[in-house]
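Each residue of the sequence shown is one higher than the one before, starting from 6 at the first, in our numbering.
Heads up, the beta-carbon is just placed ideally off N, CA and C, and yes, glycines get one too.
A quick note: this is a predicted structure, and the numbers were derived from the prediction, not measured.
Note sheet for the following structure.
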Amino acid sequence: MPNVFFRGIDLTGIAHVGFDMDGTLYDECEWIAQAYRAIGRELGLSRRVVRWMIGRWLEKGSSYPHIFEEAFRLEGALDGGEVAIRVKTALALYRHLEPQLQLPARVVFMLEELRPMTDLFLVSDGQALLQRNKFTALGLGDYFRSERVIFTDELGAAKPAILAGEALGLLGEEAPRTLFIGDREIDAGFARSCGFLYRSVDEVMRRE
């Protein structure tokens, strides 16, 4: 295994490598910018407000629930009812947009190197339909078998509460032989709750 991706990370004895998707296998900001611009065009938002939305997402992250509401209030004087209707429309557009995404070359190389060596799996939070659309757009079906993919929304749970060891049918004694790679604290918490080893994507992909 070339150390360009795994400097200092010993894969000896690792049988399973799991991944988060958003922010781990691709830069989620690419999708956010694409989605917000499409929603802006559909709802007639100014470029200034769309740029503000992208910046707000970079500041607050995906779990912040008020970006659309704040954007519509910034765009013009609307009463509460009008804002609520526009937020509902924006959310529907967001969830049904078909992403145009591509895996970074470094990620492709990493997955191709890992695939013959380990059992790959993926656990992703987020609205299930949208996450499946992203998965398809990224071509991740080439690397992850369907029985090794979990969209937690379909199970009515989310990380870190969801136990991937149970959901994926991994044997309990295999947990210490499992490495999970993510980008947020909830990914680290999820790995701990399952007894997996954990590395952040920044550790795995660092370029110094």
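task = Please report how far the alpha carbon of residue 117 lies from the alpha carbon of residue 126, in whole angstroms.
result = 14 Å
message = Determine whether the beta carbon atoms of residue 130 and residue 94 lie at a separation below 8 Å.
response = no
message = Could you tell me the alpha carbon to alpha carbon distance between residue 106 and residue 143, rounded to whole angstroms?
response = 6 Å
inquiry  = On a Cα-Cα basis, can you pick out the residue from 72, 103 and 66 that is closest to residue 39?
reply    = 103
ask   = Who are the Cβ neighbours of residue 132 in its own chain at under 8 Å, not counting the five residues just before and after it?
value = 100 and 158
Spatial distance of residue 80 from residue 121 (CA atoms) = 51 Å
request  = Taking all protein chains shown into account, decide if residue 97 is buried (16 or more other Cβ within 10 angstroms of its Cβ) or exposed.
outcome  = exposed
query = Which first and last residues belong to the alpha helix (DSSP H) in which residue 192 is found?
reply = 190-199
Residue 99 in three-state terms, based on DSSP = helix
message = Tell me the rounded alpha-carbon separation between residue 203 and residue 67.
response = 22 Å
request  = Give a yes or no on contact between the stretch 45-53 and the stretch 22-37, applying the rule of three or more CB pairs nearer than 8 Å.
outcome  = no
request  = Could you tell me whether the Cβ of residue 103 comes closer than 8 Å to any Cβ of chain D?
outcome  = The question asks about chain D, but that chain is absent: this structure has only one protein chain.
message = For residue 115, tell me which candidate among 19, 198, 209 and 57 has the shortest Cα-Cα distance.
response = 209
ask   = With a Cβ-Cβ cutoff of 8 Å, do residue 214 and residue 112 count as a contact?
value = As displayed, the chain neither begins before 6 nor continues past 213, which places residue 214 out of reach and without an answer.
task = On a CA-only basis, which of 185, 194 and 135 is nearest residue 206? Give me that one, please.
result = 185
inquiry  = residue 77 and residue 61 - do their beta-carbons sit closer together than 8 Å?
reply    = no
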